[in-house]
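Colleague: Counting along the sequence shown from 1, when you hit position 143 you're at 142 in numbering that gives the first Met the number 0, and nothing is skipped either side. Beta carbons are placed, not taken as given, at the ideal position from N, Cα and C, and that holds for glycine. Since this is a predicted model, take the numbers as computed values, not measurements.
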Amino acid sequence: MLESAGIRTAEDLLKYGPFRYEDRSNFRRIRDLSSEEEVVIRGVITVSGNYATPRRGMKIFEMSVRDETGSVSAKFFNQPYLSRVFKEGKEIVLFGTPRYDSYTGALAFLNPETELVGSEGDSAVHTGRIVPVYRKIGQISARQLRQILWNLVTALPDALKETLPSELVKRWKFPSLRDAITMLHFPEVPGGGDRNQFLEDLSRSATPAQRRFIFEEFFLFQLGLLLVRKKVESAPKNHSIRITDRARERIKSILPFHPTAAQKKVLKEIVSDMVSPRVMSRLLQGDVGSGKTIVALQAIVLAIESGYQTALMAPTELLAEQHFRNIKRYLEGTPYRVAFLSGSVKGKARKAVLVEVEEGNTDLLIGTHALIQGKVKFRSLAFVVIDEQHRFGVIQRSKLMEKGDLPDTLVMTATPIPRSLALTVYGDLSVSILDELPPGRQPVKTVVKNENSRSEVYGSILQQLKEGRQVYIVYPLVEESEKLDLKAAVEMADQLQSTLFVNYNVGLLHGRMKPDEKDELMKRFLSGDLHVLVSTTVIEVGIDVPNATVMVIEHAERFGLSQLHQLRGRIGRGGHAGLCVLMVDKVRTKEAYGRLDIMRKTSDGFRIAEKDLEIRGPGDFIGTKQSGVPQFIFGNIVRDRKLLELARQEAERHLARVGENREHLAALFGIMDRWRSKYGLYVVG
Ligand code: ADP
Ligand code: MG
Numbered sequence: 000m001l002e003s004a005g006i007r008t009a010e011d012l013l014k015y016g017p018f019r020y021e022d023r024s025n026f027r028r029i030r031d032l033s034s035e036e037e038v039v040i041r042g043v044i045t046v047s048g049n050y051a052t053p054r055r056g057m058k059i060f061e062m063s064v065r066d067e068t069g070s071v072s073a074k075f076f077n078q079p080y081l082s083r084v085f086k087e088g089k090e091i092v093l094f095g096t097p098r099y100d101s102y103t104g105a106l107a108f109l110n111p112e113t114e115l116v117g118s119e120g121d122s123a124v125h126t127g128r129i130v131p132v133y134r135k136i137g138q139i140s141a142r143q144l145r146q147i148l149w150n151l152v153t154a155l156p157d158a159l160k161e162t163l164p165s166e167l168v169k170r171w172k173f174p175s176l177r178d179a180i181t182m183l184h185f186p187e188v189p190g191g192g193d194r195n196q197f198l199e200d201l202s203r204s205a206t207p208a209q210r211r212f213i214f215e216e217f218f219l220f221q222l223g224l225l226l227v228r229k230k231v232e233s234a235p236k237n238h239s240i241r242i243t244d245r246a247r248e249r250i251k252s253i254l255p256f257h258p259t260a261a262q263k264k265v266l267k268e269i270v271s272d273m274v275s276p277r278v279m280s281r282l283l284q285g286d287v288g289s290g291k292t293i294v295a296l297q298a299i300v301l302a303i304e305s306g307y308q309t310a311l312m313a314p315t316e317l318l319a320e321q322h323f324r325n326i327k328r329y330l331e332g333t334p335y336r337v338a339f340l341s342g343s344v345k346g347k348a349r350k351a352v353l354v355e356v357e358e359g360n361t362d363l364l365i366g367t368h369a370l371i372q373g374k375v376k377f378r379s380l381a382f383v384v385i386d387e388q389h390r391f392g393v394i395q396r397s398k399l400m401e402k403g404d405l406p407d408t409l410v411m412t413a414t415p416i417p418r419s420l421a422l423t424v425y426g427d428l429s430v431s432i433l434d435e436l437p438p439g440r441q442p443v444k445t446v447v448k449n450e451n452s453r454s455e456v457y458g459s460i461l462q463q464l465k466e467g468r469q470v471y472i473v474y475p476l477v478e479e480s481e482k483l484d485l486k487a488a489v490e491m492a493d494q495l496q497s498t499l500f501v502n503y504n505v506g507l508l509h510g511r512m513k514p515d516e517k518d519e520l521m522k523r524f525l526s527g528d529l530h531v532l533v534s535t536t537v538i539e540v541g542i543d544v545p546n547a548t549v550m551v552i553e554h555a556e557r558f559g560l561s562q563l564h565q566l567r568g569r570i571g572r573g574g575h576a577g578l579c580v581l582m583v584d585k586v587r588t589k590e591a592y593g594r595l596d597i598m599r600k601t602s603d604g605f606r607i608a609e610k611d612l613e614i615r616g617p618g619d620f621i622g623t624k625q626s627g628v629p630q631f632i633f634g635n636i637v638r639d640r641k642l643l644e645l646a647r648q649e650a651e652r653h654l655a656r657v658g659e660n661r662e663h664l665a666a667l668f669g670i671m672d673r674w675r676s677k678y679g680l681y682v683v684g
């Protein structure tokens with residue numbers, strides 16, 4: 000059973016930390032119970048039995064537990080077998096929050112956690128102390144696990160070989176490995192320490208022992224990332240990029256505007272990577288609208304001028320097509336051959352593209368993840384750009400790289416990645432940041448409204464339409480209710496067209512449409528023929544229509560903050576001020592206000608992302624299972640971001656100091672093997 004949970008060695012088991020602790024030296028007296036407070040009590044079962052509720056026939060097991068001060072009852076739903084375990088006369092510990100029972104009016108526990116107090120030497124392990132509570136593994140109960148770990152921990156030798164470099168243990172005053180293990184599993188309030196404070200620290204994973212394990216985990220992880228990066232960076236390229244006068248000319252000539260200082264700086268960083276003999280892996284972060292595309296294109300031109308093929312991959316058909324259209328326009332005066340590939344390019348057309356790419360006639364291939372399919376073969380792919388990287392798994396990233404012979408890679412994202420996450424997910428990449436928007440951008444005003452203000456909102460829309468502007472109305476599509484939502488969006492578009500906006504053209508864009516229908520619609524919106532675009536979130540990433548100034552987001556409470564930020568980034572792109580209306584559910588207005596407040600207050604994508612990460616946690620934030628956010632055992636990259644930063648610094652320092660020392664490196668690579676097996680080989684390289 001342990002093995003099925005990935006626990007094969009004593010070390011694995013020792014790293015199976017409790018998910019919480021209970022202070023069982025401090026039982027609440029039953030007489031002193033109050034509602035809505037989490038407590039542990041201990042007593043003897045006096046009465047117990049099963050019965051069914053009269054109306055719905057739900058099975059309830061109920062028992063009464065008594066200590067010296069009184070009795071309290073505990074109820075369990077649909078677990079009749081409990082009557083075989085919790086027999087009268089047995090001593091038991093209950094953990095939970097008592098509430099007033101609506102039938103009897105007395106305090107009762109509903110489905111509390113339970114543990115029978117056995118006879119054998121229990122006091123030391125299961126009660127009378129702060130006890131660890133483990134998640135059950137298969138049939139092994141929390142209590143059995145506690146016993147197993149007690150046996151293991153007490154049997155360990157007094158000294159263990161350190162797994163952290165000793166200077167780190169010293170510098171940060173971490174407990175030794177041996178002490179940390181004991182304190183992790185069977186913590187004791189330190190001499191002279193404050194009990195409540197200590198319990199509080201335990202619950203926040205902030206005791207020295209917990210911090211040590213968190214640090215150690217992060218440190219190994221960062222070391223691994225840095226080693227991967229070192230390996231990638233030190234891999235010699237098999238191609239060489241040269242800056243010629245002609246290349247310089249071309250790079251300049253494709254620019255329809257003056258680049259911002261940030262664009263220049265970032266391009267410089269990218270180019271210096273490209274001309275270096277080492278392979279580039281760089282992340283370009285820039286808020287929506289900061290102008291990443293043109294920077295990428297300049298780098299693409301440089302690679303083409305050096306005689307190589309290039310590729311640009313985007314996460315959606317719509318976005319890939321937009322890139323294709325725009326880039327073809329930018330490259331009009333050049334001899335470069337640009338091709339497009341996606342799932343919707345089929346039959347003969349597809350064959351033709353594949354042949355041209357394989358023969359090396361295509362200089363730049365733009366497309367969706369169709370680019371990474373087996374049939375796509377390049378002749379000399381040396382530079383790869385991946386747009387909106389957070390939409391792709393890391394695996395897709397590496398697949399595209401494999402299409403070339405160690406191509407230089409630039410990944411771009413407009414979802415500002417909070418540093419803590421960037422360190423874990425992109426720790427193997429160098430980072431460039433576009434921290435300046437092109438000039439002339441107007442601020443976007445954001446308001447939160449509910450149904451009561453709908454006519455007022457439509458009034459503002461009409462005003463903007465009169466002034467010649469265009470409008471987005473966005474509907475969320477939630478998977479469970481996709482059909483209903485889609486219906487709502489369709490109805491809204493119809494209704495708006497036939498009533499309020501009779502003088503304007505309303506279009507509807509949604510994910511179920513065929514690519515060429517979407518394309519057609521987007522073209523109409525771009526050309527100004529469509530005035531109002533009702534859409535599901537397919538417009539989320541990258542779409543660029545400078546004349547659109549209003550964005551109304553329906554059911555804004557259903558979106559994540561980063562997503563809202565992305566959506567809002569679609570407006571305020573031209574010379575006109577923008578308005579973003581977040582429509583929220585009437586019932587949940589207050590709650591939504593609280594969460595969405597940051598949207599009103601700031602347009603700083605990084606701050607919004609930090610907040611989003613805090614609220615939703617890293618998994619949801621990135622949005623895809625294979626996004627490469629590792630599952631840490633002890634650490635939580637949001638809660639423990641300071642330790643993560645520290646681990647990063649220490650890993651860098653350690654690696655710098657160890658340098659080329661072979662013995663040390665061998666030891667580190669040993670660590671890395673452990674690391675790989677733990678986190679999977681999700682990093683490229
Ligand atoms: P993102 O970084 O979100 O991908 P884009 O590359 O789509 O942004 O650029 C957003 C818009 O800004 C585009 O219309 C682009 O033409 C324009 N743009 C980019 N750089 C500049 C600049 N330096 N000056 C003026 N407009 C720019
Ligand atoms: Mg973009």
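1. Are residue 93 and residue 34 closer than 8 Å when you measure CB to CB?
2. Helix, strand or coil for residue 462, going by three-state DSSP, please let me know.
3. Exposed or buried, which one is residue 498 when buried takes at least 16 other CB atoms within 10 Å?
4. If we count the other Cβ atoms within 10 Å of its Cβ and call it buried at 16 or more, is residue 312 buried or exposed?
5. Under the assumption that residue 185 contacts residue 227 (Cβ atoms under 8 Å), give the Cβ distance between them as a whole number of angstroms.
6. Going by alpha carbons, who is nearest to residue 648 out of 51, 220, 508 and 101?
7. Is any non-hydrogen atom of the ligand ADP found closer than 7 Å to the C-beta of residue 305, if you look at the structure I gave you?
8. Please report the straight-line C-alpha distance between residue 32 and residue 97, rounded to a whole angstrom.
9. Is the number of C-beta pairs between the stretch 429–436 and the stretch 511–522 that are closer than 8 Å three or more?
10. In angstroms with no decimal places, state the Cα-to-Cα distance between residue 47 and residue 128.
11. From residue 21 to residue 321, what distance separates their C-alpha atoms?
12. How would you call residue 449, buried or exposed, if buried means at least 16 neighbouring beta carbons within 10 angstroms?
13. Measure the C-alpha to C-alpha separation of residue 267 and residue 176 and round it to an integer number of angstroms.
14. Would you kindly work out how many angstroms separate the C-alpha atoms of residue 340 and residue 359, rounded to a whole number?
15. Starting from residue 695, follow its DSSP beta bridges and name the residues at the other end.
16. Please list, in chain order, all residues of the same chain as residue 622 whose beta carbon is under 6 Å from its beta carbon, the five residues on each side excluded.
17. Applying the 10 Å Cβ sphere with the 16-neighbour rule, what's the burial state of residue 76?
18. With a threshold of 6 Å on Cβ separation, who are the neighbours of residue 429 within its own chain once the five nearest residues in sequence on each side are excluded?
19. Buried or exposed: residue 8, going by 16 or more other Cβ atoms within 10 Å of its Cβ?
20. CB-CB under 6 Å to residue 183, same chain, minus the five flanking residues each way: which ones, in chain order?
21. How is residue 107 classed by DSSP in three states: helix, strand or coil?
22. Smallest Cα separation from residue 157: which of 180, 145, 164 and 140?
23. Check the C-beta distance from residue 294 over to residue 301 and give it rounded, since I have them as a contact under 8 Å.
24. Is there at least one non-hydrogen atom of the ligand FMN closer than 7 Å to the beta-carbon of residue 641?
25. Candidates 381, 458, 315 and 399: which alpha carbon is nearest residue 387's?
26. Can you give me the Cβ contacts of residue 90 inside the same chain, cut-off strictly under 6 Å, excluding the 5 residues immediately before and after it?
27. Is the CB-CB distance between residue 460 and residue 470 below 8 Å?
28. Taking the beta carbon of residue 678 as the centre, do at least 16 other beta carbons fall within 10 Å, making it buried, or is it exposed?
29. Between residue 556 and residue 591, how many whole angstroms is the CB-CB distance? I'm expecting something under 8 Å.
30. Can at least three beta-carbon pairs, one atom from the stretch 542–558 and one from the stretch 574–587, be found at a separation below 8 Å?
31. Buried or exposed: which applies to residue 685, given that a residue is buried once 16 or more other Cβ atoms fall within 10 Å of its Cβ?
32. Could you pull the start and end residues of the alpha helix (DSSP H) that residue 197 belongs to?
33. Kindly examine the ligand MG and report whether one of its heavy atoms sits closer than 7 Å to the Cβ of residue 292.
34. Hey, how far is the Cα of residue 13 from the Cα of residue 25?
35. Roughly how many angstroms lie between the CA atoms of residue 19 and residue 490, to the nearest whole one?
36. Using alpha carbons as the reference points, say which of 247, 290 and 246 lies closest to residue 259.
Modeller: In short:
1. no
2. helix
3. exposed
4. Residue 312 comes out buried.
5. Contact flag wrong, Cβ pair sits at about 37 Å.
6. 220
7. no
8. 8 Å
9. no
10. Rounded to the nearest angstrom, the two C-alpha atoms are 28 Å apart.
11. Distance from the CA of residue 21 to the CA of residue 321, rounded to the nearest whole angstrom, comes to 57 Å.
12. buried
13. Rounded to whole angstroms, the separation of the alpha carbons of residue 176 and residue 267 is 46 Å.
14. 15 Å
15. Here the chain comprises residues numbered 0 to 684, so residue 695 is not present and cannot be evaluated.
16. Below a pLDDT of 50, predicted positions are generally treated as unreliable, and residue 622, at 43, falls in that range; no measurement from the model is reported.
17. exposed
18. 281
19. Exposed, because fewer than 16 other Cβ atoms sit within 10 Å of the Cβ of residue 8.
20. Cβ-Cβ distances below 6 Å link residue 183 to 16 and 208 in the same chain, with the five nearest sequence neighbours on each side left out; the list follows chain order.
21. strand
22. 180
23. 11 Å between Cβ atoms; not a contact.
24. With respect to the ligand FMN, the structure shown offers nothing to examine, as its ligands consist of the ligand ADP and the ligand MG.
25. 315
26. 43 and 116
27. yes
28. Note that residue 678 has pLDDT 49, beneath the 50 cutoff, so the model's placement of it is unreliable and the number below is only indicative. It is buried - the Cβ of residue 678 has at least 16 other Cβ atoms within 10 Å.
29. 4 Å
30. yes
31. Not covered by the structure: residue 685. The range shown for the chain is 0 to 684.
32. 194–202
33. yes
34. 26 Å
35. 50 Å
36. 290
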